[in-house]
Amino acid sequence: MLEKNDIVTVIIEDMSMNGEGIGKSNGYTLFVKDTVVGDVAEVKVMKTKKTYGYARLMKLVTPSAERIQAKCPIARQCGGCQIQEMSYESQLRFKQNLVKNNLERLGGILPGTYELYPIIGMEEPWHYRNKAQFPVGANREGELLMGFYAGRTHSIIETEKCFLGDSVNECVLSVIRDFMTKNKIAPYNEETGRGIVRHILIRKGVRTGQVMVCVVINAGKLPHSDKLVQALVSQIAGLASVSVSINRENTNVIMGNEIQVLWGSSYIEDYIGEILYRISPLSFFQVNPVQTEKLYQKVLEFAQLTGQETVWDLYCGIGTISLFLARNSKRVYGVEIIPQAIDNARENAIINNISNAEFFVGKSEEVLPKFFKDEYRKTGVRPTADVIVVDPPRKGCEETLLSTIAEMAPKRIVYVSCDSATLARDLKSLTAYGYEVRKVQAVDQFGQTVHVETVVLLACKEHRQ
Ligand code: SAH
1269 MLEKNDIVTV IIEDMSMNGE GIGKSNGYTL FVKDTVVGDV AEVKVMKTKK TYGYARLMKL
1329 VTPSAERIQA KCPIARQCGG CQIQEMSYES QLRFKQNLVK NNLERLGGIL PGTYELYPII
1389 GMEEPWHYRN KAQFPVGANR EGELLMGFYA GRTHSIIETE KCFLGDSVNE CVLSVIRDFM
1449 TKNKIAPYNE ETGRGIVRHI LIRKGVRTGQ VMVCVVINAG KLPHSDKLVQ ALVSQIAGLA
1509 SVSVSINREN TNVIMGNEIQ VLWGSSYIED YIGEILYRIS PLSFFQVNPV QTEKLYQKVL
1569 EFAQLTGQET VWDLYCGIGT ISLFLARNSK RVYGVEIIPQ AIDNARENAI INNISNAEFF
1629 VGKSEEVLPK FFKDEYRKTG VRPTADVIVV DPPRKGCEET LLSTIAEMAP KRIVYVSCDS
1689 ATLARDLKSL TAYGYEVRKV QAVDQFGQTV HVETVVLLAC KEHRQ
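Final position of the sequence shown in our numbering is 1733; the numbers increase by one with none missing.
As structure tokens, this is what we get:
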């Protein structure tokens, strides 16, 4: 048994879901951040539990062949990227294995009974994010800081460059830095609740090139805002929207609900496939639309639509998948918990001339069972659907939803997941209700991080196809 501060040498044999390397010392498992499979490393034990512990990398004795030099100088401190020191091919292999292992070990899906396609990777795994949120603060000397939070903390690491974001971010930050310095606008201080500028949100339409800048402030108005607008207009190509978001609460929530437009439009626009979306500062939008399009193409392929189907899109957000599928279906119903997202979904349907999509606000696990019961009572006929798509947040679906889905007996279920562990749990339930996993496709939307998206096609056993 190891103790805190012990120093041992381990061979990293596996990776955890969080991207830590896993090595063993005399049979005792250690999780070591910043290591890669194949590394031989000298590590210092930081924390011990009964059957495993956590250790810190002290020295690489022999670096793994899969290891590369991280591009970003602050990759280790920053909370954003976990696996920059793995080559991109190794990252993809890691994600593919993670999905396969979770489905087979946690989900009980038998190897060889389903088609597992090779993961769809990114052509360019850098600079893919269309959105960045930079916290603003000051160091002990009172100098202005803009950058990112260090992992699991609120201390800001100074950097204007993120290798996952667009290069416009650096230009915008430098304009705002200059504006704040010249006009003596104080950054917000989380401890005292004083100061003005809290965060800077920057979004860019990847296909349209439109840029949005939204400054989150702890005040009713941004002083000298006309000067900021002037500077941004003259220096930022593609600028389409400048606004402030008022957030006077002492909270970790970044955005405040009141938005004041300072210049241009209240939203920017971008496309996924042929569908145009309006994106306002508060709306959710996929951060990597290039890969999202590939993901949705898979959803469309798995759904096998002919134009005659009734489709449900549960956890629909701003209707992204619903609208993507609408042109190939008879009718699409979307369900989402956030009312503003449903407003966006309805608006997006209108600007794209889509009239066969209908949206409901509420929890999927409440809306669908209620719809099912009400319809059954009204018509005496068991309501059905041809295809049901779910795209839940990390915690996955509630059992009441899964059982209602099964009662509606869709021919196909397409499950889109951002967490393959909860996906596996839910697949286990759906298999028990008479569905079979047919196809699995992982898609990398977030290179350099441990996150991976998975699309699964399930078919009802009775509907052989
Ligand atoms: N399919 C959308 C969004 C997926 S993210 C897209 O691709 O853009 C998951 C969505 O589920 C979020 O919009 C979140 O607000 C919503 N959500 C979370 N819990 C929910 C619940 N219980 N019922 C319905 N929607 C929920």
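Idealized CB from N, CA, C, for every residue including glycine.
- Remark: the shortest separation between the CB of lysine 1566 and any heavy atom of the ligand SAH does not fall under 7 angstroms.
- The continuous alpha helix (DSSP H) containing alanine 1692 extends over residues 1688–1700.
- In this structure, the ligand SAH has a non-hydrogen atom nearer than 7 angstroms to the beta-carbon of alanine 1609.
- Two segments are said to touch when three or more pairs of C-beta atoms, one from each, lie closer than 8 angstroms; by this definition the segment 1269–1281 touches the segment 1305–1324.
- Pairing glutamate 1542 with serine 1623, the inter-Cα distance amounts to about 16 angstroms.
- Assigned with DSSP and collapsed to three states, serine 1513 falls in strand.
- DSSP places leucine 1636 in the uninterrupted alpha helix (DSSP H) bounded by 1632–1647.
- Nearest neighbour of valine 1600 by Cα position, chosen from Lys1429, Ala1617 and Ala1609, turns out to be Ala1617.
- Within the DSSP secondary-structure output, glutamine 1528 pairs in a beta bridge with Val1512.
- The beta carbons of glutamine 1352 and lysine 1339 sit closer together than 8 angstroms.
- Within a 10 Å sphere around the beta-carbon of isoleucine 1547 sit 16 or more other beta-carbons, which makes this residue buried.
- Here cysteine 1349 has Ala1343, Gln1716 and Thr1717 as same chain residues with Cβ atoms under 6 angstroms from its own Cβ, once five neighbours each way along the sequence are excluded.
- Beta-bridge pairing by DSSP links threonine 1297 to Lys1292 and Tyr1320.
- Proximity of the beta carbon of glutamine 1345 to the ligand SAH is not indicated: no heavy atom of the ligand is located closer than 7 angstroms.
- Burial state of isoleucine 1536 is buried, judged by a 10 Å Cβ sphere holding 16 or more other Cβ atoms.
- For methionine 1283, the enclosing beta strand (DSSP E) stretches over residues 1275–1283.
- Separation of threonine 1381 and lysine 1707 (C-alpha to C-alpha, rounded to the nearest whole angstrom) is 9 angstroms.
- In this structure, tyrosine 1539 has its CB at a distance of at least 7 angstroms from all heavy atoms of the ligand SAH.
- Membership of glutamine 1572 in any alpha helix (DSSP H) is not indicated, and neither H nor E is assigned to it by DSSP.
- Listed in chain order, the non-local C-beta contacts of glutamate 1643 below 6 angstroms within the same chain comprise Pro1651, local neighbours out to five positions each way being set aside.
- Collapsing the DSSP output to three states places cysteine 1340 in coil.
- Rounded to whole angstroms, the Cβ separation of glutamate 1604 and alanine 1613 is 7 angstroms, and the two are in contact under 8 angstroms.
- Of the residues Glu1704, Asn1365 and Gln1528, the one whose Cα lies closest to the Cα of proline 1549 is Gln1528.
- In this structure the segment 1439–1452 lies against the segment 1462–1474, because at least three pairs of beta carbons, one per stretch, are closer than 8 angstroms.
- Inclusion of isoleucine 1514 and glycine 1532 in the CB contact set at 8 angstroms is not warranted, their separation being larger than that value.
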